[in-house]
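*Asks:* Quick one: the structure is below, questions incoming.
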Amino acid sequence: MLSLGLNLDAAISCLKAGLLVGIPTETVYGLAANALNEQAVLHIFETKNRPHFDPLILHVPSVESVEKYAVWNDNRLRVLAEKFWPGPLTVLLPKKECVPHIVTSGLSQVAVRVPDHFLTLNLLHQLDFPLAAPSANPFGYISPTKAEHVRKQLGDKVCYILDGGQCKVGIESTIVGVENGEICVYRLGGLSIDEIELCIGSVRLSMNVSSNPKAPGQLKNHYAPLKPLFVGSVKELASLNRDKKLYVMVFQDSGLKLENGVVRVLSEQGSTKEAAVNLFSFLREADESDAEIILAEWLPQTELGPAINDRLKRASVR
Ligand code: TXA
Ligand code: MG
Numbered sequence: 075m076l077s078l079g080l081n082l083d084a085a086i087s088c089l090k091a092g093l094l095v096g097i098p099t100e101t102v103y104g105l106a107a108n109a110l111n112e113q114a115v116l117h118i119f120e121t122k123n124r125p126h127f128d129p130l131i132l133h134v135p136s137v138e139s140v141e142k143y144a145v146w147n148d149n150r151l152r153v154l155a156e157k158f159w160p161g162p163l164t165v166l167l168p169k170k171e172c173v174p175h176i177v178t179s180g181l182s183q184v185a186v187r188v189p190d191h192f193l194t195l196n197l198l199h200q201l202d203f204p205l206a207a208p209s210a211n212p213f214g215y216i217s218p219t220k221a222e223h224v225r226k227q228l229g230d231k232v233c234y235i236l237d238g239g240q241c242k243v244g245i246e247s248t249i250v251g252v253e254n255g256e257i258c259v260y261r262l263g264g265l266s267i268d269e270i271e272l273c274i275g276s277v278r279l280s281m282n283v284s285s286n287p288k289a290p291g292q293l294k295n296h297y298a299p300l301k302p303l304f305v306g307s308v309k310e311l312a313s314l315n316r317d318k319k320l321y322v323m324v325f326q327d328s329g330l331k332l333e334n335g336v337v338r339v340l341s342e343q344g345s346t347k348e349a350a351v352n353l354f355s356f357l358r359e360a361d362e363s364d365a366e367i368i369l370a371e372w373l374p375q376t377e378l379g380p381a382i383n384d385r386l387k388r389a390s391v392r
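Add 74 to a position in the sequence shown, counting from 1, and you land on the number used in the working numbering.
Right under this line is the structure:
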């Protein structure tokens with residue numbers, strides 16, 4: 075019988091034994107293992123059915139602890155880490171020898187972040203190794219934002235799930251690195267570009283890689299529900315699909331009512347941050363509902379809007 079709860083000692087015992095633990099973070103739940111134990115890391119790839127070319131993020135307890143595993147190669151990355159950690163930011167840095175190649179898929183850089191969740195921070199402080207943790211979903215499916223999502227999908231494959239409640243950001247971390255002296259963003263995520271640019275000046279977006287990804291969250295089809303998702307004007311899409319059962323996601327309430335389906339509002343307040351918190355659990359709800367297709371509208375391109383739209387695009391039928 076799988077355990078799910080708040081027992082840090084149980085999580086620590088599992089991790090020390092090289093087993094997998096579902097961990098809460100502010101972004102999404104992670105599927106964690108001792109990053110310095112190659113067998114344990116291999117187990118993550120197998121459990122998620124994840125291709126070996128898709129490297130993992132190293133989760134560490136503090137800015138200071140990064141130096142054990144990686145080299146700060148640009149002061150701007152360090153400035154960002156100091157300002158936004160713990161938080162939804164991942165930095166790519168040259169790795170040190172102690173980080174196994176399997177974690178970085180053979181790349182010379184390692185992705186590192188300090189997650190902002192008291193349970194996982196507490197856990198990391200008590201361990202003498204970092205945690206490799208991708209999102210705790212089967213490869214390509216929607217990331218989990220509640221412990222229950224992890225239990226449903228991977229429950230029989232993990233040793234323990236730390237239940238930290240609903241993730242307060244709801245979409246994955248923003249990934250940044252440096253290339254030819256320029257700060258590049260490889261994955262849009264829970265930290266907006268505006269916040270990054272306010273801190274260190276302008277950055278380059280480098281997210282159109284799909285076959286040999288720096289950040290395979292950038293694969294063309296990712297984050298996808300099982301049912302077909304169409305994105306655009308929901309009124310038009312709904313009238314084209316009058317014969318089907320629909321699950322419709324709108325940003326704010328526009329009074330749209332349907333006889334052949336439900337309408338779910340991502341944020342009554344019109345906040346992209348609130349929309350991010352709801353996005354993945356609504357997509358799961360849609361998959362579990364009796365709807366045949368899912369319709370969604372684009373969000374405004376402000377704050378977390380671009381990161382949400384990026385996920386909608388990758389999840390949609392094109
Ligand atoms: O918010 C998050 O980042 C969550 C939580 C659990 O921390 N994790 C997450 O992990 O989203 P995952 O594995 O689903 O996505 C991590 C992304 C992948 O697309 C991966 O390719 C990229 O980070 N990445 C990891 N290491 C990298 C490296 N060495 N070079 C380039 N990209 C890397
Ligand atoms: Mg993922």
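Using N, Cα and C, we set each Cβ at its ideal position, and we do this for glycine too.
In angstroms, rounded to a whole number, what distance separates the CA positions of M281 and P380?
*Replies:* By one-based count along the sequence shown, residue 281 stands at place 207. By one-based count along the sequence shown, residue 380 stands at place 306. Straight-line Cα distance between these residues: approximately 12 Å.
*Asks:* Does at least one heavy atom of the ligand TXA sit under 8 Å from the Cβ of L130?
*Replies:* On the sequence shown, position 56 is the one that residue 130 refers to. Indeed, a heavy atom of the ligand TXA lies less than 8 Å from the Cβ.
*Asks:* Got a sec, what are the start and stop residues for the beta strand (DSSP E) T164 sits in?
*Replies:* If you number the sequence shown from 1, residue 164 lands on position 90. It spans 163-168 - the beta strand (DSSP E) in which T164 sits, taken as one unbroken run.
*Asks:* Do the segment 302-309 and the segment 359-376 make contact, defined as three or more Cβ pairs closer than 8 Å?
*Replies:* Yes: at least three Cβ pairs fall under 8 Å.
*Asks:* Expressed to the nearest angstrom, what Euclidean distance is found between the alpha-carbon atoms of R316 and T346?
*Replies:* Here residue 316 refers to the residue found at position 242 of the sequence shown. Here residue 346 refers to the residue found at position 272 of the sequence shown. C-alpha of R316 to C-alpha of T346: approximately 29 Å in a straight line.
*Asks:* Have a look at S87 and A221 and give me their C-alpha separation to the nearest angstrom.
*Replies:* The sequence position of residue 87 within the sequence shown is 13, counting from 1. The sequence position of residue 221 within the sequence shown is 147, counting from 1. Looking at the two C-alpha atoms, the distance is approximately 19 Å.
*Asks:* One question on the structure: do G244 and N352 come within less than 9 Å of each other, judged by their Cβ atoms?
*Replies:* Stepping through the sequence shown from its first residue, residue 244 is reached at position 170. Stepping through the sequence shown from its first residue, residue 352 is reached at position 278. Yes, the pair counts as a contact, with Cβ atoms nearer than the cut-off.
*Asks:* From what residue to what residue does the alpha helix (DSSP H) around C88 run?
*Replies:* For the purposes of this step, residue 88 is identified with residue 14 of the sequence shown, where counting begins at 1. Start and end: 82-90.
*Asks:* Would you report the Cα separation of P189 and V250, rounded to the nearest angstrom?
*Replies:* In the sequence shown, counting from the first residue as 1, residue 189 sits at position 115. In the sequence shown, counting from the first residue as 1, residue 250 sits at position 176. Between P189 and V250, the C-alpha separation is close to 15 Å.
*Asks:* Could you give the uninterrupted runs of the alpha helix (DSSP H) lying entirely in the segment 300-328, keeping only those of 4 residues or more?
*Replies:* 308-314
*Asks:* Hey, would you say T219 sits closer than 9 Å to Y103, going by beta carbons?
*Replies:* Residue 219 sits at position 145 when you count from the first residue of the sequence shown. Residue 103 sits at position 29 when you count from the first residue of the sequence shown. Yes, Cβ-Cβ distance for T219 and Y103 is below 9 Å.
*Asks:* Which full runs of the beta strand (DSSP E) of 3+ residues lie inside the segment 216-297, going along the chain?
*Replies:* 234-236, 248-253, 256-261
*Asks:* Does any heavy atom of the ligand HEM sit closer than 8 Å to the C-beta of S209?
*Replies:* Because the ligand HEM does not appear in the structure shown, any question about it cannot be addressed here, the ligands present being the ligand TXA and the ligand MG.
*Asks:* So, is N108 buried or exposed, given that buried needs 16 or more other C-beta atoms within 10 angstroms?
*Replies:* Translated into positions along the sequence shown, residue 108 becomes position 34. Buried, by the Cβ-count rule.
*Asks:* Could you check whether the Cβ of A185 sits closer than 8 Å to any heavy atom belonging to the ligand TXA?
*Replies:* For the purposes of this step, residue 185 is identified with residue 111 of the sequence shown, where counting begins at 1. Yes.
*Asks:* Among A185, G79, C233, whose alpha-carbon lies nearest the alpha-carbon of H117?
*Replies:* As a working note, residue 117 is residue 43 in the sequence shown. Measuring from the Cα of H117, the nearest candidate turns out to be C233.
*Asks:* Mapping the DSSP letters down to three states, classify S77 as helix, strand or coil.
*Replies:* The residue you call residue 77 lines up with position 3 of the sequence shown. DSSP places S77 in strand when its eight states are reduced to three.
*Asks:* Enumerated in chain order, which unbroken segments of the beta strand (DSSP E) with a length of 3 residues or greater are wholly contained in the segment 342-387?
*Replies:* 367-370
*Asks:* Going by C-alpha distance, which of K170, H191, A312 is nearest L181?
*Replies:* Stepping through the sequence shown from its first residue, residue 181 is reached at position 107. Residue K170 is the option with its Cα nearest to L181.
*Asks:* Check this for me: beta carbons of L236 and A144, under 9 Å apart or not?
*Replies:* Here the question's residue 236 lines up with position 162 in the sequence shown. Here the question's residue 144 lines up with position 70 in the sequence shown. Taking 9 Å as the Cβ cut-off, L236 and A144 do not qualify as a contacting pair.
*Asks:* Can you give me the Cβ contacts of L151 inside the same chain, cut-off strictly under 6 Å, excluding the 5 residues immediately before and after it?
*Replies:* Mapped onto the sequence shown, residue 151 falls at position 77. Correct list, in chain order: V165.
*Asks:* Would you decide whether C241 is buried or exposed? Buried here means 16 or more other CB atoms lie within 10 Å of its CB.
*Replies:* On the sequence shown, position 167 is the one that residue 241 refers to. C241 is buried by the Cβ-count criterion.
*Asks:* So, under 8 Å CB-CB, S341 and Q326 are touching, yes? Tell me the CB distance rounded to an integer number of Å.
*Replies:* By 1-based counting over the sequence shown, the position of residue 341 is 267. By 1-based counting over the sequence shown, the position of residue 326 is 252. Contact holds; Cβ gap of about 6 Å.
*Asks:* Taking contact to mean at least 3 C-beta pairs separated by less than 8 Å, is the segment 122-133 in contact with the segment 207-216?
*Replies:* Three or more beta-carbon pairs drawn from the segment 122-133 and the segment 207-216 are found closer than 8 Å, and the two stretches are therefore classed as touching.
*Asks:* Check this for me: beta carbons of R385 and Y297, under 9 Å apart or not?
*Replies:* Position 311 of the sequence shown, counting from 1, holds the residue named residue 385. Position 223 of the sequence shown, counting from 1, holds the residue named residue 297. In this structure, Y297 lies closer than 9 Å to R385 by Cβ.
*Asks:* To test your reading of the DSSP string, which unbroken alpha helix (DSSP H) runs of 4 or more residues are found completely within the segment 111-190?
*Replies:* 112-122, 149-158, 175-178
*Asks:* Would you mind sorting A91 into buried or exposed? The rule is 16 or more other CB atoms within 10 Å of its CB.
*Replies:* In the sequence shown, residue 91 corresponds to position 17, counting from 1. By the 10 Å Cβ count, A91 comes out exposed.
*Asks:* Determine the direct distance from the alpha carbon of A207 to that of V252, and round the result to whole angstroms.
*Replies:* Here residue 252 refers to the residue found at position 178 of the sequence shown. Here residue 207 refers to the residue found at position 133 of the sequence shown. Here the alpha carbons of A207 and V252 stand approximately 22 Å from one another.
*Asks:* Please classify A210: does DSSP put it in a helix, a strand, or coil?
*Replies:* Taking the first residue of the sequence shown as position 1, residue 210 is located at position 136. Note: A210 maps to coil in three-state DSSP.
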